[in-house]
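J.: The following block contains the structure, expressed as structure tokens.
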Amino acid sequence: MMMVGVMAAALWGIGALMGAPTRARWTMIGLLFVAVIFVQLALPQGHPLRTATGGDARFWALLLGLAALVWIYRRGLLWLRARARPETAETVRVAGSFSDGELSRYARQITLREIGGPGQKALRDAKVLVVGAGGLGSPALQYLGATGVGTIGVIDDDVVEAANLARQVIHTDARIGMPKVFSANEALTAQNPFVTVRPYHRRLTAEVAAELLGDYDLVLDGTDNFETRYLVNQTCVRLGKPLIAAALTQWEGQISVYDPAQGAPCYACVFPQSPDPSLVPSCAEAGVLGPLPGVVGAMMAVEAVKIITGAGETLRGRLLIYDALYGENRVIGAKRRPDCAVCGAGAD
Ligand SMILES: [Zn+2]
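Listed below in structure tokens is the structure:
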């Protein structure tokens, strides 16, 4: 019996040395098996060759039966796996509506089970407005564009300054003096020609807020003034649009998804009133770490992708605080306040 094992191993080894495909090597071992069984059946009991190869055909027949069972089991598993992927057909069908350039661009993302072709199409059909093309707006805009959000609006009344460039990475030295929204437009269309950018070079005011935000599915707020923050929140609540808002101070960032239409609190539920300006110094006064808006702004883009595609769990009703100085994340649950002046019973 040892002899058969040695012969099988030798056949496999020689096959491997010759570079024979696995299938051919299994065929050789199968032939060896047939020969051994033939020896057991044809030669008389006690024949030296028959004794050397086990002496009994039943043992080899059992082994052959087991091998056949394993083969049938594996084929069955493959068949089941092929049947358990009905979304593959859907993915292919939806992906068919993309150009080759788009398909190869988004291939790694379409591969994700949670996104797939339908998710990528939802991203392309989505309209997202980013308020502020500064520290948080820069990475958020870059990743929204790169990831394939079809229509991106950006509103900001500032121009690019040298002091912005350490963290507002969508802008360049050559574009100092250019309105930030036009600088952002240049960067986004250069990075991904498949997205449409709508730049609004103006301040967001109450007069235009409802009309402008009404044209988008989702709003990202990365501004650093409380007046605009409360205006964006109030408008989103009235229109029933989800709002991803983030803020930074020195080494710390916080982000949440405010969405009373889906049972989550609004920004004013969590921050009922703007703090005394003397207690909250601006980035210009207190300073801010250059890469910090990169981390938190990218998180805003991640939340946007999840809201649009329905993947995973968003930060609805949860406030995430990232402490860059100690490398820690904290997540705090946030609830709607029934007496909230913006989304509660007391709202106008
Ligand atoms: Zn509220």
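Residue numbers for the sequence shown follow our numbering, so the first one is 1 and each next one is one higher. Cβ atoms here follow ideal geometry from the backbone N, Cα and C, with glycine treated the same way.
Which residue marks the beginning of the alpha helix (DSSP H) containing T189, and which one marks its end?
T.: Translated into positions along the sequence shown, residue 189 becomes position 189. Element bounds for T189: K180 to Q191.
J.: Threshold first: 4 residues or longer. Then list the alpha helix (DSSP H) segments lying entirely within the stretch 262-313, N to C.
T.: 267-270, 283-286 and 292-309
J.: Start and end of the alpha helix (DSSP H) containing N233?
T.: Here residue 233 is taken as the residue at index 233 of the sequence shown, counted from 1. Its alpha helix (DSSP H) spans residues F226 to L239.
J.: Following a CB-centred definition, is G240 positioned closer than 8 Å to any heavy atom of ligand 1?
T.: Here residue 240 is taken as the residue at index 240 of the sequence shown, counted from 1. Result no, Cβ not under 8 Å from ligand 1.
J.: Taking just the CA atoms, how far does K121 sit from S99?
T.: Counted from its first residue, the sequence shown places residue 99 at position 99. Counted from its first residue, the sequence shown places residue 121 at position 121. Near 12 Å, if we compare the C-alpha coordinates of K121 and S99.
J.: G312 and A334: beta carbons closer than 9 Å?
T.: Within the sequence shown, the letter at position 312 stands for residue 312. Within the sequence shown, the letter at position 334 stands for residue 334. Taking 9 Å as the Cβ cut-off, G312 and A334 do not qualify as a contacting pair.
J.: Measuring from the CB of G360, is there a heavy atom of ligand 1 at a distance below 8 Å?
T.: Residue 360 cannot be examined here, being either before or after the span of the chain that is shown, 1 to 348.
J.: Hey, which unbroken runs of the alpha helix (DSSP H) at 4 residues or more fall wholly within the stretch 116-146?
T.: 116-125
J.: Any idea which residues DSSP pairs A247 with across the strands?
T.: Counting from one through the sequence shown, the residue named residue 247 turns up at place 247. BP columns for A247 point to Q254.
J.: Distance cutoff 9 Å, beta carbons only. Does Q191 sit that close to anything in chain B?
T.: Among the protein chains of the structure shown there is no chain B, as only one such chain exists.
J.: If we ignore side chains and look at the alpha-carbon of each, how far apart do D323 and P199 end up?
T.: The sequence position of residue 323 within the sequence shown is 323, counting from 1. The sequence position of residue 199 within the sequence shown is 199, counting from 1. D323 and P199: Cα-Cα distance of roughly 32 Å.
J.: Looking at C-alpha atoms only, which residue of P139, A126 and G263 is the closest neighbour of L218?
T.: Position 218 of the sequence shown holds residue 218. The shortest Cα separation from L218 among P139, A126 and G263 belongs to A126.
J.: Use the C-beta contact count for Q262: other C-beta atoms within 10 angstroms, 16 or more gives buried, fewer gives exposed.
T.: Here residue 262 refers to the residue found at position 262 of the sequence shown. With a threshold of 16 other beta carbon atoms within 10 Å, Q262 falls short and is exposed.
J.: Can you tell me where the alpha helix (DSSP H) holding P48 begins and where it ends?
T.: The sequence position of residue 48 within the sequence shown is 48, counting from 1. It spans P48 to A52 - the alpha helix (DSSP H) in which P48 sits, taken as one unbroken run.
J.: Buried or exposed for Y73, please, with buried defined as at least 16 other CB atoms from any protein chain shown within 10 angstroms of its CB.
T.: For this step, residue 73 is matched to residue 73 along the sequence shown. With fewer than 16 Cβ atoms within 10 Å of its Cβ, Y73 is classed as exposed.
J.: Considering only the alpha carbon of each residue, which of L136, G177, L103 and G134 lies closest to T147?
T.: Sequence index remark: in the sequence shown, residue 147 carries index 147 (1-based). The shortest C-alpha separation from T147 is found at L103.
J.: I need the boundaries of the beta strand (DSSP E) containing R316, first residue and last residue.
T.: As a working note, residue 316 is residue 316 in the sequence shown. Premise fails: R316 is in no beta strand (DSSP E) and is neither H nor E.
J.: Is R337 near ligand 1 - that is, is its Cβ less than 8 Å away from at least one heavy atom of it?
T.: The residue you call residue 337 lines up with position 337 of the sequence shown. The answer is yes for R337.
J.: Are the stretch 326-346 and the stretch 154-173 in contact at 8 Å, needing three or more beta carbon pairs?
T.: These segments do not touch.
J.: With a Cβ-Cβ cutoff of 9 Å, do I152 and L188 count as a contact?
T.: Along the sequence shown, one-based indexing puts residue 152 at 152. Along the sequence shown, one-based indexing puts residue 188 at 188. Yes, Cβ-Cβ distance for I152 and L188 is below 9 Å.
J.: Can the beta-carbon of V160 be found less than 9 Å from the beta-carbon of S183?
T.: For this step, residue 160 is matched to residue 160 along the sequence shown. For this step, residue 183 is matched to residue 183 along the sequence shown. In this structure, S183 lies closer than 9 Å to V160 by Cβ.
J.: Whose CA, out of G15, D157 and V39, lies closest to the CA of M28?
T.: Here residue 28 corresponds to residue number 28 of the sequence shown, with the count starting at 1. Comparing Cα-Cα distances from M28 to each of G15, D157 and V39, the minimum goes to G15.
J.: Based on Cα-Cα distance, which residue from Q273, G294, P260 and Q250 lies nearest to T228?
T.: The residue given as residue 228 occupies position 228 in the sequence shown. When only C-alpha atoms are compared, the closest one is Q273.
J.: Is the CB-CB distance between G54 and V36 below 9 Å?
T.: Along the sequence shown, one-based indexing puts residue 54 at 54. Along the sequence shown, one-based indexing puts residue 36 at 36. A contact, by the Cβ cut-off of 9 Å.
J.: Do you know offhand how far D259's Cα is from P118's?
T.: Working through the sequence shown from its first residue, we reach residue 259 at position 259. Working through the sequence shown from its first residue, we reach residue 118 at position 118. Using only the alpha carbons, I get a separation of about 24 Å.
J.: How is the alpha helix (DSSP H) around L112 delimited, first residue to last?
T.: As a position in the sequence shown, residue 112 is number 112, starting the count at 1. Counting along the chain, L112 falls outside any alpha helix (DSSP H), and DSSP gives it neither H nor E.
J.: Taking Cβ positions, are G214 and L239 nearer each other than 9 Å?
T.: Here residue 214 refers to the residue found at position 214 when the sequence shown is read from its first residue. Here residue 239 refers to the residue found at position 239 when the sequence shown is read from its first residue. Yes.
J.: Report the three-state DSSP secondary structure of L218 (helix, strand or coil).
T.: Mapped onto the sequence shown, residue 218 falls at position 218. Under the three-state reduction of DSSP output, L218 falls in the strand class.
J.: Do V154 and V181 have their C-beta atoms closer together than 9 Å?
T.: Here residue 154 refers to the residue found at position 154 of the sequence shown. Here residue 181 refers to the residue found at position 181 of the sequence shown. In contact: V154 and V181 (Cβ atoms closer than 9 Å).
J.: Tell me which residues share the same chain as G351 and place their Cβ nearer than 8 Å to its Cβ, disregarding the 5 neighbours each side in the sequence.
T.: Residue 351 is absent from the structure shown; the chain starts at 1 and stops at 348.
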